[in-house]
Amino acid sequence: MEFLYVILISAMPILELRAGLPVAIYLGFRPAEAYMLSVFGNFLPVLFLLILLERLLIIAKKFKTIWKFYDIISKRVETRRKIVEKFGYFGLALFVAIPLPGTGAWTGCLLSFLLRLNILKSSVAIFIGILIAGLIVLIPIIGLDFLGLI
16 MEFLYVILIS AMPILELRAG LPVAIYLGFR PAEAYMLSVF GNFLPVLFLL
66 ILLERLLIIA KKFKTIWKFY DIISKRVETR RKIVEKFGYF GLALFVAIPL
116 PGTGAWTGCL LSFLLRLNIL KSSVAIFIGI LIAGLIVLIP IIGLDFLGLI
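Shown next, in the form of structure tokens:
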């Protein structure tokens, strides 16, 4: 049952894999299991968001509070669009890979939507970004000793 906690935490906006991986390690999962569960959970909402974001926004317009929240987020995402415009899908993967607040799979989906990028190519770029972000989060947790680098 604990694996569901990891998947759900990793699928949540803001928390994503940055929180899912440490929780998985804390719950006693081996690093490889923690990585796979967190990546899976983080990618879980991506296709749903990329395909249905436009329809969800039509519904969100009817709710003032939700629309205000979306407006704030979309303005923040707009400031980050230059990296994707400059580097294309590689830039999208890099954007998702940086495990900092305001980046990640959810924001990458919104960025892809706002730039009207191809859904399939965006999902691949976001998945690659999630894989890289997972390694960036996992390495400090388990240490370089696990990788045989020290």
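Counting in the numbering used here, the sequence shown runs from 16 upward without gaps. Beta carbons: idealized from backbone N, C-alpha and C, even for Gly.
Rounded straight-line distance, which links the Cα of residue j to that of residue i
{"i": "Phe128", "j": "Ile143", "result": "18 Å"}
{"i": "Phe102", "j": "Lys136", "result": "13 Å"}
{"i": "Ala133", "j": "Leu126", "result": "Checking the sequence, you will find Asn at residue 133 rather than Ala. About 12 Å."}
{"i": "Ile151", "j": "Gly158", "result": "11 Å"}
{"i": "Ile165", "j": "Ile66", "result": "Here Ile165 scores only 44 on pLDDT, less than 50, and its place in the model is too uncertain to base an answer on."}
{"i": "Gly149", "j": "Phe18", "result": "16 Å"}
{"i": "Ala108", "j": "Ile87", "result": "23 Å"}
{"i": "Ile156", "j": "Phe63", "result": "30 Å"}
{"i": "Trp82", "j": "Ala140", "result": "27 Å"}
{"i": "Leu146", "j": "Gly106", "result": "15 Å"}
{"i": "Glu4", "j": "Tyr104", "result": "This structure leaves residue 4 out entirely; the chain is present only between 16 and 165."}
Selection from the options that minimises the alpha carbon distance to residue i
{"i": "Ile98", "options": "Ile87, Leu36 and Ile113", "result": "Ile113"}
{"i": "Leu153", "options": "Ile24, Val38, Leu19 and Met16", "result": "Val38"}
{"i": "Glu31", "options": "Ser138, Ser89 and Pro116", "result": "Pro116"}
For the stretch 23 to 102, which segments carrying the alpha helix (DSSP H) assignment without a break, of at least 4 residues, lie completely within its bounds, in sequence order?
31 to 41, 46 to 75 and 79 to 93
Taking contact to mean at least 3 C-beta pairs separated by less than 8 Å, is the stretch 24 to 40 in contact with the stretch 48 to 58?
yes
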